[in-house]
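Heads up: the structure comes next, in structure tokens.
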Amino acid sequence: MKVIEHLNEAKSTLFSFEILPPLKGKSIQSIYDGIDPLMEFKPKFINVTYHREEYIYKERDNGLLEKIAIRKRPGTVGICAAIMNKYYVDAVPHLICGGFSKEETENALIDLQFLGIDNVLALRGDSIKTESAFKPHTEGHAHAVDLIDQIMSMNSGNYMTEEYQLEPTNFCIGTAGYPEKHFEAMNLSTDLMYLKRKVDAGASYVVTQMFFDNKKYFEFVDACRAIGITVPIIPGLKPIKTLAHASFLPKFFHVDFPEDLSKELIKCKDNKAAEQVGIEWGIHQSKELKQANVPCIHYYTMSTSSSVKAIAREVF
Ligand code: FAD
């Protein structure tokens with residue numbers, strides 16, 4: 148079933164979450180161990196992130212450095228198929244522009260269709276560590292909107308290389324939104340304008356970047372509605388789990404912590420205390436969002452489910 152159908156059918160706020168594929172070499176059991184504790188909250192869909200290649204330099208015997216591409220977390224599509232098979236819950240693979248030619252994208256979508264996966268979260272992806280800015284594949288897409296266009300073309304039966312129409316795919320497409328602005332955007336207005344383009348191109352719903360201040364989400368939704376973005380906007384929440392998150396999350400995801408939260412984190416002496424603050428803050432945010440009747444709350448587990456479980460127990 149499509150995410151948009153779940154959202155349209157829902158009588159109250161839905162619960163969903165996102166997982167990362169395990170590091171290469173770990174078994175699928177590590178994924179199940181993260182999902183099992185959250186099944187009691189009846190997720191309607193589970194997202195699986197996509198991680199592109201990274202480049203490392205290896206010194207050869209002759210002293211020269213060799214640039215090698217490695218993917219540390221492969222397996223997005225296989226994990227989605229395994230989730231649907233084991234839990235009978237819809238899986239939403241993330242599909243990115245980075246590293247993909249249009250043809251590779253088309254083939255990836257054909258694989259998904261054969262597996263019965265008809266949801267996809269269409270993203271641009273970030274630059275790889277060795278690049279200062281995002282560089283699209285020479286035969287690929289520069290922005291998520293172009294990827295959405297390609298998926299919508301396939302949904303109309305127009306594939307890349309064929310002159311004639313083929314069997315249409317039937318993907319429900321989600322897209323990313325940033326209550327605190329995407330870090331590359333000139334300002335929130337231009338970012339919203341491009342978000343509207345993604346929705347006009349065919350995205351059926353938006354999932355937000357994590358935020359720690361609900362006010363930012365509510366203002367973002369109002370700003371979206373004001374420019375005619377009418378699709379559901381799913382808030383994304385990330386429970387803080389360690390002391391290091393206090394600097395890592397703002398730096399990596401370009402989000403601010405509200406003062407009340409930062410005051411509590413400053414008092415923490417160890418990770419256990421920080422985790423507890425994260426849980427309490429997550430409960431507070433989730434209860435307020437649920438009260439406001441948001442369509443769904445989407446939790447970023449980053450592969451550890453204990454905090455999300457503690458929050459969900461109080462909220463769902
Ligand atoms: P875009 O919509 O292309 O936007 C990127 C920037 O370009 C923005 O500043 C926007 O304002 C601007 N822009 C957009 N369209 C245009 C245009 N047509 N012309 C000019 N400028 C434009 N990354 C991963 O690698 N794997 C994942 O699994 C993953 N999952 C994510 C899930 C969620 C819910 C979110 C919020 C992010 C996720 N990301 C993931 C990170 C995401 O790939 C990055 O934030 C990336 O930098 C932007 O992706 P986007 O799809 O928002 O890009």
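Counted the way the numbering used here counts, the sequence shown spans residues 148 to 463.
The C-beta atom is built at its ideal place from N, Cα and C for all residues, glycine as well.
Model, not experiment: these values are computed from the prediction.
#### Entry: Inside the segment 246 to 287 only - beta strand (DSSP E) runs reaching at least 3 residues
266 to 270
Go to residue 322, then tell me how far its beta strand (DSSP E) extends in each direction, as first and last residue. Run containing residue 322: 319 to 324, per the beta strand (DSSP E) assignment.
- What's the gap between the Cα of residue 196 and the Cα of residue 353? 16 Å
- Task: In the DSSP assignment, find the alpha helix (DSSP H) that holds residue 230 and state where it starts and stops.
- Result: 223 to 234
**Request:** May I ask you to report which of helix, strand or coil DSSP gives residue 295?
**Result:** helix
Query raised in the report: CB residue 322 to CB residue 346, shorter than 8 Å?
Result: With a cutoff of 8 Å on beta-carbon distance, residue 322 and residue 346 are scored as near each other.
Whose CA, out of 416, 181, 325 and 374, lies closest to the CA of residue 391?
Among 416, 181, 325 and 374, the Cα nearest to that of residue 391 is on 416.
Can you tell me whether residue 357 is buried or exposed, with buried defined as 16 or more other CB within 10 angstroms of its CB?
Its Cβ being crowded by 16 or more others within 10 Å, residue 357 is buried.
### Task
Drop a sphere of 10 angstroms on the beta-carbon of residue 170, count the other beta-carbons inside from all chains shown, and report buried for 16 or more, exposed for fewer.
The residue in question, residue 170, is exposed, as its Cβ has fewer than 16 Cβ neighbours within 10 Å.
Review point. Of the residues 208, 209, 181 and 251, which one's Cα is nearest the Cα of residue 226?
Key: 181
**Item:** Whether residue 444 touches residue 379 by CB criterion (8 Å)
**Value:** no
Residue of 349, 336 and 348 minimising C-alpha distance to residue 368
It is 336.
Quiz item: CB residue 387 to CB residue 350, shorter than 8 Å?
Solution: Cβ atoms of residue 387 and residue 350: not closer than 8 Å.
Check your understanding: If we ignore side chains and look at the alpha-carbon of each, how far apart do residue 155 and residue 442 end up?
Key -> 9 Å
Check: residue 391 C-beta below 7 Å from any heavy atom of ligand 3:
The model depicted lacks ligand 3 and carries ligand 1 instead.
Any heavy atom of ligand 1 closer than 7 Å to the beta-carbon of residue 292? yes
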